[in-house]
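Quick note: the sequence shown, position 182, residue 226 per my numbering, numbers continuous. Glycine is no exception: its CB is placed at the ideal position from the N, C-alpha and C atoms. Scroll down for the structure; my scribbles are underneath it.
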Amino acid sequence: MANQYTVKDLRIIKREPIYTGFVQLERVSLSYRLFQQNNYSEVVQRECARRKKAAGVLIYNDKEKQFLLIEQFRVGAIDDPISPWHLEIVAGLLDGDESPETCLYRESLEEADCTLFDLQHLFTFYPSAGASNELFYLYTAQAVLPTDGSIFGLVEEGENIQAHIFNYDELPQLFAQQRLRNAPVIMALQWLQQHIAALQ
Numbered sequence: 045m046a047n048q049y050t051v052k053d054l055r056i057i058k059r060e061p062i063y064t065g066f067v068q069l070e071r072v073s074l075s076y077r078l079f080q081q082n083n084y085s086e087v088v089q090r091e092c093a094r095r096k097k098a099a100g101v102l103i104y105n106d107k108e109k110q111f112l113l114i115e116q117f118r119v120g121a122i123d124d125p126i127s128p129w130h131l132e133i134v135a136g137l138l139d140g141d142e143s144p145e146t147c148l149y150r151e152s153l154e155e156a157d158c159t160l161f162d163l164q165h166l167f168t169f170y171p172s173a174g175a176s177n178e179l180f181y182l183y184t185a186q187a188v189l190p191t192d193g194s195i196f197g198l199v200e201e202g203e204n205i206q207a208h209i210f211n212y213d214e215l216p217q218l219f220a221q222q223r224l225r226n227a228p229v230i231m232a233l234q235w236l237q238q239h240i241a242a243l244q
C-alpha cells in the first residue's frame with residue numbers, strides 16, 4: 045500500500061510570487077518527509093504555475109453513434125513536431141465559485157453549440173502536478189451534435205475553434221494517427237471505447 049503522506053508531512057519555508065498574469069507563477073521553498081523514515085529532505089526550491097480549476101466534457105451521441113472533438117491552436121504545443129493545433133474535448137476554466145457542471149453547460153454552448161444531457165463525472169485529476177496546481181474535472185455527456193467543420197469560440201477571447209464529428213468506428217484510427225496529444229482527450233476516448241464495447 046502506498047504511503048499516506050499528507051500536507052502535514054511538508055514544511056513550507058517560503059512562498060514567493062514571481063509573476064501575475066493569466067497564469068500566475070510562484071516560487072516555493074520547502075522540505076518534505078522522506079519515505080520510510082522520519083527525516084525530511086534538504087530545503088528545495090520549486091516553481092509552480094497557479095491556474096484556475098478547469099473542466100472538460102466528451103460530447104457524444106449514442107443514437108447517431110458519433111462523438112465530437114474540437115480543434116484549436118495551443119501555445120503550450122508551439123514546439124510540437126506534429127502540430128500546435130490540438131484535437132480536444134470541450135473544456136474551460138471555472139469562473140469564481142462556479143461548479144464544473146455549470147462551466148461545462150456554458151462552454152459546450154460557446155465552443156460547440158451543444159446543449160448537454162446525461163452529464164456524468166468520470167475523474168478529477170492534476171494534469172501536470174510536477175509544475176502546476178491546476179485541477180481538472182473530466183465528464184461525459186450526450187447532445188445533438190453540430191455540423192462537422194462548424195466554427196465556434198469567442199472572438200473577444202481570441203478563440204477560433206473548429207468542431208469535428210467522428211463516427212464510433214473511426215475511434216481506432218484516431219488513436220493510431222498520433223493526433224491525440226493531451227491527457228483529457230485520451231482519457232475520455234478510452235472511456236468511450238469501453239462504453240461502445242458495452243453497447244454491443
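For Asn211, DSSP records a beta bridge to Gln110. Taking 8 Å as the cut-off, the beta carbon of Ala187 is found no closer than this to the beta carbon of Thr146. DSSP, reduced to helix, strand and coil, places Pro61 within a strand of the structure shown. Boundaries of the beta strand (DSSP E) harbouring Ser73: 68-76, taken from the DSSP string. Take Pro128, set aside five residues on each side of it, and the residues of its chain with a beta-carbon closer than 8 Å to its own are Phe117, Arg118, Val119, Ala121, Ile122, in chain order. Take Arg95, set aside five residues on each side of it, and the residues of its chain with a beta-carbon closer than 8 Å to its own are Val67, Gln68, Leu137, Ser176, Asn177, Glu178, in chain order.
When the beta-carbon positions are compared, Ala135 and Asp162 stay at least 8 Å from each other.
The residue from Phe79, Asn105, Ile56 with its alpha-carbon nearest to that of Leu236 is Asn105. Rounded to the nearest whole angstrom, the CA to CA distance from Asp124 to Leu54 is 35 Å. In the DSSP assignment, Arg90 falls outside any alpha helix (DSSP H) and lies within the beta strand (DSSP E) extending over 88-94. Here His130 is buried. Its C-beta has 16 or more other C-beta atoms within 10 Å. Counting only runs that start and end inside the region 133-174, the beta strand (DSSP E) elements of at least 3 residues fall at 134-137, 161-169.
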